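Numbering of the sequence shown is given in the numbering used here, commencing with residue 98 and proceeding in unit increments.
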Amino acid sequence: MLAGRLHVTERALRMESVPVPEPGRGQVRIRVAAAGVCLSDVHLIDGTLTPLYLAGDVVTLGHEVAGTVDALGEGVRGWEPGQRVLLQAGERDRFGLVLTRGVDYDGGWAEYALAREDTLVPVPDLISFEQACIIPDAVSTPWAAVTETGRVRPAEAAAVWGVGGLGAHAVQLLLLVGAAPVIAVDPLPAARDRALALGADLAIDPADDGFKDAVLELVGTRGLDVAFDFAGVNAVREQAMTVLGRHGRLVLAGIANQPISIPSDSRFTYNRQAVLGHYGSEAEHVGQLVTLTGLGRLDLSGSVSDVLPLADAPEAVRRVKEKVGNPIRLILRP
Numbered sequence: 098m099l100a101g102r103l104h105v106t107e108r109a110l111r112m113e114s115v116p117v118p119e120p121g122r123g124q125v126r127i128r129v130a131a132a133g134v135c136l137s138d139v140h141l142i143d144g145t146l147t148p149l150y151l152a153g154d155v156v157t158l159g160h161e162v163a164g165t166v167d168a169l170g171e172g173v174r175g176w177e178p179g180q181r182v183l184l185q186a187g188e189r190d191r192f193g194l195v196l197t198r199g200v201d202y203d204g205g206w207a208e209y210a211l212a213r214e215d216t217l218v219p220v221p222d223l224i225s226f227e228q229a230c231i232i233p234d235a236v237s238t239p240w241a242a243v244t245e246t247g248r249v250r251p252a253e254a255a256a257v258w259g260v261g262g263l264g265a266h267a268v269q270l271l272l273l274v275g276a277a278p279v280i281a282v283d284p285l286p287a288a289r290d291r292a293l294a295l296g297a298d299l300a301i302d303p304a305d306d307g308f309k310d311a312v313l314e315l316v317g318t319r320g321l322d323v324a325f326d327f328a329g330v331n332a333v334r335e336q337a338m339t340v341l342g343r344h345g346r347l348v349l350a351g352i353a354n355q356p357i358s359i360p361s362d363s364r365f366t367y368n369r370q371a372v373l374g375h376y377g378s379e380a381e382h383v384g385q386l387v388t389l390t391g392l393g394r395l396d397l398s399g400s401v402s403d404v405l406p407l408a409d410a411p412e413a414v415r416r417v418k419e420k421v422g423n424p425i426r427l428i429l430r431p
């Protein structure tokens with residue numbers, strides 16, 4: 098079968114012919130129908146990210162995967178060939194380590210993929226494979242940031258810095274839980290236009306001279322209740338702190354690999370503010386999103402920016418890296 102394989106030592110993505118995998122005990126083989134291309138895939142290729150628990154130095158990329166059950170390994174119960182499923186983006190091993198699909202073990206940039214039986218989630222017919230595959234990570238990460246880490250409540254003022262693949266969904270999800278107003282902050286005009294189309298109350302360039310005044314005019318002198326950094330840039334954090342209100346939370350969902358500084362500890366303490374780290378999501382968040390999408394509460398149709406053949410994975414990586422067309426998600430179809 099064809100697979101997009103990352104050779105970690107060389108930082109090279111190669112489209113290779115490899116054997117179709119056989120499911121072991123407790124595993125299910127999936128015929129892949131759609132797989133998302135994430136910025137973290139790009140960072141794995143360029144060396145910004147490195148697998149921590151990979152056995153060897155070659156891995157099939159792809160942690161956003163959906164398809165149909167193809168074959169069952171020994172001892173598997175509750176699944177049947179032909180069932181429509183998506184795969185959780187990772188799993189815990191017997192020692193409690195969190196392993197990521199397409200990073201620490203083979204993922205879904207392939208015609209077939211293996212998954213442990215407890216990492217499959219059924220997908221209703223109303224959700225396309227292209228939309229289903231991006232729910233783990235592209236949608237579940239901001240959903241967990243909004244509902245779990247940020248604990249956003251109705252009518253709280255919220256802002257999202259970085260309206261890309263994760264941030265665009267964060268805008269939608271904040272509206273879904275009743276945040277108001279919702280502000281999008283991004284230097285790209287196309288990203289700001291997209292945020293407004295998704296329902297943001299204000300979309301503003303962070304370099305705008307009137308940034309602080311514009312935000313406070315909308316939210317009032319109380320400031321933001323919660324701010325989300327999906328850009329992973331120190332300047333974002335510094336700017337967010339200038340408009341964060343009393344009891345405000347700054348949620349760091351983007352990774353900058355830089356020290357975090359607080360301009361004034363007295364102001365920070367007096368206002369009882371908090372800086373919260375966020376990474377990924379849990380299994381229940383994916384299940385919640387499948388329910389919401391399947392019932393029409395969440396529309397992900399606009400998130401699929403384009404669909405490319407699996408063989409064009411290198412081109413998809415280039416387009417994501419260079420932001421060609423300002424995509425939310427590009428999808429690979431075997």
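Even for Gly, the Cβ is constructed at its ideal location relative to N, Cα and C.
Since the structure is predicted, the reported quantities are computational estimates derived from the model, not experimental observations.
Review point. Using the rule of at least 16 other Cβ atoms within 10 Å of the residue's Cβ for burial, across every protein chain shown, is Leu47 buried or exposed?
Key: Outside the displayed range of the chain (98 to 431) lies residue 47, so it cannot be described from this structure.
Check your understanding: To which residues of the same chain is Leu321 closer than 6 Å at the C-beta, ignoring the five residues directly before and after it?
Key -> Here Leu321 has Ala254, Ala256, Val340, Leu341, Gly342 and Gly345 as same chain residues with Cβ atoms under 6 Å from its own Cβ, once five neighbours each way along the sequence are excluded.
Practice item. Report back the beta-carbon spacing between Ala408 and Leu99 to the nearest angstrom; my notes put them in contact at under 8 Å. Key: Ala408 to Leu99, Cβ: 7 Å. Contact.
Practice item. Per DSSP, which residues does Phe325 bridge with? Please list them. Key: Val257 and Val348.
Review point. Quick one: Cα of Pro148 to Cα of Asp154, how far?
Key: Annotation: Pro148 to Asp154 spans about 9 Å, alpha carbon to alpha carbon.
**Study point:** Three or more C-beta pairs below 8 Å linking the segment 257-274 and the segment 325-336
**Key:** Yes, the segment 257-274 is in contact with the segment 325-336.
Check your understanding: Can you tell me whether Thr157 is buried or exposed, with buried defined as 16 or more other CB within 10 angstroms of its CB?
Key -> With 16 or more other Cβ atoms within 10 Å, it is buried.
Exercise for review: Evaluate contact between the segment 268-280 and the segment 292-305, counting only Cβ atoms and requiring at least three cross-stretch pairs below 8 Å.
Suggested key: Flag = yes, the segment 268-280 and the segment 292-305 touch.
Review point. Residues in its own chain within less than 8 Å of Ala304 by CB, not counting five upstream and five downstream?
Key: Apart from sequence neighbours up to five positions away, the residues of its chain that approach Ala304 with a beta-carbon distance below 8 Å are Pro284, ordered along the chain.
Practice item. Less than 8 Å between the CB atoms is what I'm expecting for Ile428 and Val401, so what's the real figure, rounded? Key: With 8 Å as the limit, Ile428 and Val401 qualify as a contact, their Cβ atoms being about 6 Å apart.
Review point. How many Å lie between Val173 and Arg122 at the Cα?
Key: Each residue's alpha carbon lies about 7 Å from the other.
Practice item. Report yes or no: do the segment 205-213 and the segment 232-245 share at least 3 C-beta pairs separated by less than 8 Å? Key: No: fewer than three Cβ pairs fall under 8 Å.
Practice item. Out of Pro221, Lys309, Asp362 and Ala207, point me to the one whose CA is closest to Leu389's CA. Key: Of the listed residues, the one whose Cα sits closest to Leu389 is Pro221.
Exercise for review: Take Ile142 and list the residues in its own chain whose beta-carbon comes closer than 7 Å to its own, dropping the five residues that flank it on each side.
Suggested key: Counting only Cβ-Cβ distances below 7 Å, and skipping sequence neighbours, we find Leu103, Arg108, Leu110 and Val414.
Review point. Once you ignore the five residues that flank Thr106 on each side, which residues in its own chain have a CB closer than 6 Å to its CB?
Key: The answer, listed in chain order, is Asp154.
Check your understanding: Between the C-alpha atoms of Gly164 and Thr366, what's the straight-line distance to the nearest angstrom?
Key -> Taking the straight line from one Cα to the other gives about 49 Å.
**Study point:** Buried versus exposed call for Val49 [16 or more other C-beta atoms within 10 Å across all chains shown]
**Key:** Absent from the model: residue 49. The displayed extent of the chain is 98 to 431, so no value can be given.
**Study point:** Inter-residue CB distance, Ala206 and Gly175 (contact presumed, cutoff 8 Å)
**Key:** Checking the sequence, you will find Trp at residue 206 rather than Ala. Between Gly175 and Trp206 the Cβ distance is about 27 Å, and since that is not below 8 Å, they are no contact.
Point to revise | Own chain partners of Leu272 with C-beta closer than 7 Å, once the 5 adjacent residues on each side are dropped | key: Here the set comprises Val279 and Gly296.
Check your understanding: Among Ala265, Gly329 and Glu379, which one has its Cα closest to the Cα of Pro424?
Key -> With respect to the C-alpha of Pro424, the residue from Ala265, Gly329 and Glu379 having the closest C-alpha is Ala265.
Practice item. Taking 8 Å as the cut-off, decide whether the C-beta atoms of Phe325 and Gly399 are in contact. Key: No, these two residues do not count as a Cβ contact at 8 Å.
**Study point:** Beta-carbon spacing of Val139, Lys418 below 8 Å
**Key:** The answer is yes: Cβ separation under 8 Å.
**Study point:** Backbone CA spacing between Val195 and Arg416 [nearest angstrom]
**Key:** Distance from the CA atom of Val195 to the CA atom of Arg416, rounded to whole angstroms, is 29 Å.
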